[in-house]
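Colleague: Here's a structure for you.
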Amino acid sequence: MVKENPGKDSFTRNLVIAVVVGVVLIMLVPTILSKQTNSSAKIPANVSADRGYGVVFNGDVKDVPVVDIYEDFQCPICMQFEKLNGQYIESLITEKKATVVYHTLSFLGPESINAA
Numbered sequence: 222m223v224k225e226n227p228g229k230d231s232f233t234r235n236l237v238i239a240v241v242v243g244v245v246l247i248m249l250v251p252t253i254l255s256k257q258t259n260s261s262a263k264i265p266a267n268v269s270a271d272r273g274y275g276v277v278f279n280g281d282v283k284d285v286p287v288v289d290i291y292e293d294f295q296c297p298i299c300m301q302f303e304k305l306n307g308q309y310i311e312s313l314i315t316e317k318k319a320t321v322v323y324h325t326l327s328f329l330g331p332e333s334i335n336a337a
């Protein structure tokens, strides 16, 4: 009868655990680092905290209606809305007949951010 070394099994088990933990860490670190934001980034001049951080057109024009538009770049209904109303909204902006605030959101999924 040949006896196996009991310490060999625990060493192998610990080695496998260490390799698995190492692989998981290698996969997680870039993901975690890529999600960090730059807190020193400047907000563009036409983005207003008062308007929910939307992109504001004609914010200085007084006594005109305010049009808030919430869009997702991957939303097919948003695309239809833009096709049907885009020129009209652009005319409201160029003729200074309204303050238009675009709120770009990612409500269909994280891929929407990449589409932007």
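Quick note on the working numbering: the sequence shown kicks off at 222 and runs consecutively. Virtual Cβ for every residue (Gly too), placed ideally from N, Cα, C.
Run the CB neighbour count on Leu313, radius 10 Å, all protein chains shown included, and call it buried at 16 or more, exposed below.
Modeller: Leu313 is buried by the Cβ-count criterion.
Colleague: Would you report the Cα separation of Thr252 and Ala239, rounded to the nearest angstrom?
Modeller: If you take the alpha carbons of Thr252 and Ala239, they lie about 20 Å apart.
Colleague: Would you tell me roughly how many angstroms separate the C-alpha atoms of Thr320 and Ile247, rounded to the nearest one?
Modeller: One C-alpha to the other measures close to 48 Å.
Colleague: Leaving out five residues before and five after Tyr274 in sequence, what residues of the same chain have Cβ atoms less than 7 Å from its Cβ?
Modeller: These residues qualify, in order along the chain: Val268.
Colleague: Could you tell me which of Lys317, Glu316, Ser327 sits nearest to Cys296, measuring between CA atoms?
Modeller: Answer by Cα proximity: Ser327.
Colleague: Output the distance between the C-alpha atoms of Lys318 and Phe294, rounded to the nearest integer angstrom.
Modeller: Roughly 26 Å between the two C-alpha positions.
Colleague: Tell me, to the nearest whole angstrom, how far the beta carbon of Val322 is from that of Val287; I am working on the premise that it is less than 8 Å.
Modeller: Right, the Cβ-Cβ distance comes to about 7 Å (below 8 Å), so this counts as a contact.
Colleague: So, using beta-carbon positions, are Thr325 and Val276 closer together than 9 Å?
Modeller: It is a contact, given that the beta carbons lie within the stated cut-off.
Colleague: Just to confirm the assignment, what range does the beta strand (DSSP E) spanning Tyr291 have?
Modeller: 287–292 is the extent of the beta strand (DSSP E) around Tyr291.
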